[in-house]
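Top line first, the protein sequences correspond to chains A and B. Heads up, the first sequence is in our numbering, so the first residue is 129 and it goes up one at a time. Heads up, the second sequence is in our numbering, so the first residue is 2 and it goes up one at a time. Idealized CB from N, CA, C, for every residue including glycine.
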Amino acid sequence: EAGVAQSPRYKIIEKRQSVAFWCNPISGHATLYWYQQILGQGPKLLIQFQNNGVVDDSQLPKDRFSAERLKGVDSTLKIQPAKLEDSAVYLCASTLGGLGELFFGEGSRLTVL
Amino acid sequence: KNEVEQSPQNLTAQEGEFITINCSYSVGISALHWLQQHPGGGIVSLFMLSSGKKKHGRLIATINIQEKHSSLHITASHPRDSAVYICAVHRNNDMRFGAGTRLTVKP
Chain A
129 EAGVAQSPRY KIIEKRQSVA FWCNPISGHA TLYWYQQILG QGPKLLIQFQ
179 NNGVVDDSQL PKDRFSAERL KGVDSTLKIQ PAKLEDSAVY LCASTLGGLG
229 ELFFGEGSRL TVL
Chain B
2 KNEVEQSPQN LTAQEGEFIT INCSYSVGIS ALHWLQQHPG GGIVSLFMLS
52 SGKKKHGRLI ATINIQEKHS SLHITASHPR DSAVYICAVH RNNDMRFGAG
102 TRLTVKP
């Protein structure tokens, strides 16, 4: 079974530039999460999708972050414009639904200079 | 105060030692996850539990719902167990994560 795929693995940009991350969850998984993990901290939820609908985006900084999951399968997370404090690993995870086991991607490490 | 607190933050052990990592939470939950994160790697789910105890190989996870507390135990620890162990609580559609416990097992 293929796992959660994320790309790119690494990205270095300058502040005020934009960046996009892509996630393809495990086939059939209805629930998709984007998390931000700053070095030394636990993951923080940015947004949760159930199929193509947003369940929770209360912690997403909407002035600069956006995410979509138009067809209820893969998802993109965009940051525009990036700030220094956005340097982090962006993790995508998926579950079948409800209280299912979480499956994480390898993450996309962003460095903002 | 973080809703999910883990202790210790850092733990160094000698190979073969018995290890305990603790997680306390302050909200009602429907399930608790223990996750493992290796340096530079993704996160792997070790356990999901809502009551009692689960065992997988040398790993044991327990949860006390009344006390809002969970423990992850590693028996006969090995250097390959070195990783960050993260406790996460699941409530409704929401997940909250602890900051993680960094475990280093020395040969």
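Does any C-beta atom of chain A lie closer than 8 angstroms to the C-beta of residue i?
| i | result |
| --- | --- |
| residue 82(B) | no |
With H, G and I counted as helix, E and B as strand and the rest as coil, what does DSSP make of residue i?
| i | result |
| --- | --- |
| residue 197(A) | coil |
| residue 213(A) | helix |
| residue 185(A) | coil |
| residue 81(B) | helix |
| residue 59(B) | coil |
| residue 157(A) | coil |
| residue 11(B) | strand |
| residue 17(B) | coil |
| residue 89(B) | strand |
| residue 111(A) | The first residue shown for chain A is 129 and the last is 241, placing residue 111(A) beyond what the model contains. |
| residue 39(B) | coil |
| residue 238(A) | strand |
| residue 228(A) | coil |
| residue 6(B) | strand |
Starting from residue i, find everything on chain B with Cβ-Cβ shorter than 9 angstroms and list it in chain order.
| i | result |
| --- | --- |
| residue 232(A) | 36, 38, 43, 44, 45 and 46 |
Counting only C-beta atoms, is residue i closer than 8 angstroms to chain B at any point?
| i | result |
| --- | --- |
| residue 169(A) | yes |
| residue 184(A) | yes |
| residue 196(A) | no |
| residue 229(A) | yes |
What number of angstroms, rounded off, separates the C-alpha of residue i from the C-alpha of residue j?
| i | j | result |
| --- | --- | --- |
| residue 137(A) | residue 213(A) | 19 angstroms |
| residue 47(B) | residue 96(B) | 16 angstroms |
| residue 92(B) | residue 10(B) | 24 angstroms |
| residue 29(B) | residue 18(B) | 33 angstroms |
| residue 187(A) | residue 162(A) | 11 angstroms |
| residue 59(B) | residue 20(B) | 10 angstroms |
| residue 12(B) | residue 207(A) | 35 angstroms |
| residue 45(B) | residue 234(A) | 10 angstroms |
| residue 52(B) | residue 195(A) | 35 angstroms |
| residue 55(B) | residue 35(B) | 11 angstroms |
| residue 238(A) | residue 216(A) | 5 angstroms |
| residue 275(A) | residue 141(A) | Outside the modelled stretch of chain A, which goes from 129 to 241, sits residue 275(A), for which no answer is possible. |
| residue 39(B) | residue 6(B) | 20 angstroms |
| residue 146(A) | residue 185(A) | 20 angstroms |
| residue 76(B) | residue 64(B) | 17 angstroms |
| residue 4(B) | residue 27(B) | 5 angstroms |
| residue 37(B) | residue 25(B) | 17 angstroms |
| residue 23(B) | residue 8(B) | 5 angstroms |
| residue 131(A) | residue 67(B) | 35 angstroms |
| residue 209(A) | residue 224(A) | 33 angstroms |
| residue 193(A) | residue 175(A) | 10 angstroms |
Who are the neighbours of residue i on chain A, taking C-beta pairs under 9 angstroms?
| i | result |
| --- | --- |
| residue 87(B) | 170 and 171 |
I want to verify the contact list: residues of chain A whose CB lies under 8 angstroms from the CB of residue i, in sequence order.
| i | result |
| --- | --- |
| residue 99(B) | 170 |
Is there a C-beta anywhere in chain E that falls below 8 angstroms from the one on residue i?
| i | result |
| --- | --- |
| residue 219(A) | Of the chains in the structure shown, none is chain E; the protein chains are A and B. |
Can you list the residues of chain B that residue i reaches, using a CB-CB cut of under 7 angstroms?
| i | result |
| --- | --- |
| residue 235(A) | 43 |
Find the residues of chain B that neighbour residue i, judging by a C-beta separation of less than 8 angstroms, and give them in chain order.
| i | result |
| --- | --- |
| residue 142(A) | Neighbours of residue 142(A) on chain B: none; closest Cβ ~24 angstroms, over 8 angstroms. |
Notebook entry, point to check: Does the stretch 140 to 153 of chain A touch the stretch 214 to 228 of chain A, meaning 3 or more C-beta pairs lie closer than 8 angstroms?
Noted result: Three or more Cβ pairs drawn from the stretch 214 to 228 of chain A and the stretch 140 to 153 of chain A lie within less than 8 angstroms of each other, which places the two stretches in contact.
Next item on the list: Could you say if the stretch 198 to 210 of chain A and the stretch 176 to 187 of chain A meet the contact criterion of at least three C-beta pairs nearer than 8 angstroms?
Entry: yes
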